[in-house]
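Report on the structure given below.
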Ligand code: TMP
Ligand code: MG
């Protein structure tokens, strides 16, 4: 165990297949934390508001084509361009609840057949999340939730491969969350995990770097 550092906000990532319920859970967690007087913000990747994010959005919407390697690096650069703001927020005590991060980056590109190590390389050195909460749902169940198939990657066969790539990314910060339940039940599972991590980071859990 590393020595305690300065008090800071927690960096919590929600991961999972498309339609696993991440965005809903992120919003609910931030509302919950704020109601408890905890400074918190909802973030998401890709961040479609930046110049790089707009290129990514156009690609996902099939309005443009990009080489698989090039778009992988764009997704990664979209995290790097937010890095200093992210670190500043954490230092000033704001907890960040983040919808997707480098784990999506690796899982989705590796699912296209690119080597795992190549996919991980551009992420090395980014701030590592304190917890990765993986909303686990069978791809078939996600499909039944509707709104699926509007964007690139939202295809059953591809999501199956993505799920198998996520399995290979499990590390010490990773926790599987059963996401087949209703939103309130899932939220009830997430809250105590997040509460504990907010406390741990307040007490100075050192921020580490990918990949720990
Ligand atoms: P979203 O649905 O959460 O907005 O994400 C859009 C898609 O982008 C989703 O299918 C996952 C994919 N993705 C990547 O391929 N690489 C990444 O680094 C990230 C963050 C998302
Ligand atoms: Mg999506």
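In full-length UniProt numbering, the protein residues as written are 3 to 214.
Backbone N, C-alpha and C define an ideal beta-carbon position, used for all residues, glycine too.
- Task: May I have the straight-line CA-CA distance separating residue 7 from residue 148, to the nearest angstrom?
- Result: Spanning the two alpha carbons is a distance of roughly 45 Å.
- Task: Within 10 angstroms of the Cβ of residue 45, are there 16 or more other Cβ atoms? Answer buried if so, exposed if not.
- Result: With 16 or more other Cβ atoms inside 10 Å of its own Cβ, residue 45 counts as buried.
### Message
The beta strand (DSSP E) that contains residue 100, what's its start and end?
### Response
Here the beta strand (DSSP E) through residue 100 covers 97-101.
query = Taking contact to mean at least 3 C-beta pairs separated by less than 8 Å, is the region 132-148 in contact with the region 15-31?
reply = Yes, since at least three Cβ pairs between the region 132-148 and the region 15-31 fall closer than 8 Å, the two stretches touch.
Using three-state DSSP, classify residue 179 as helix, strand or coil. DSSP, reduced to helix, strand and coil, places residue 179 within a strand of the structure shown.
Let me check understanding here. Comparing Cα to Cα, which of 49, 113, 177 lies closest to residue 83?
Cα-wise, what sits closest to residue 83 is 49.
> DSSP on residue 252, reduced to helix/strand/coil?
Replying inline: This structure cannot settle anything about residue 252, because the visible part of the chain is limited to 3 through 214.
Which residue marks the beginning of the beta strand (DSSP E) containing residue 133, and which one marks its end?
From DSSP, the beta strand (DSSP E) with residue 133 extends over 133-138.
Quiz item: Quick one: what does DSSP say residue 126 is sitting in, helix, strand or coil?
Solution: Correct three-state label for residue 126: coil.
Test item: CB-CB of residue 153 and residue 62 under 8 Å
Against a cut-off of 8 Å, the Cβ pair of residue 62 and residue 153 comes out as a contact.
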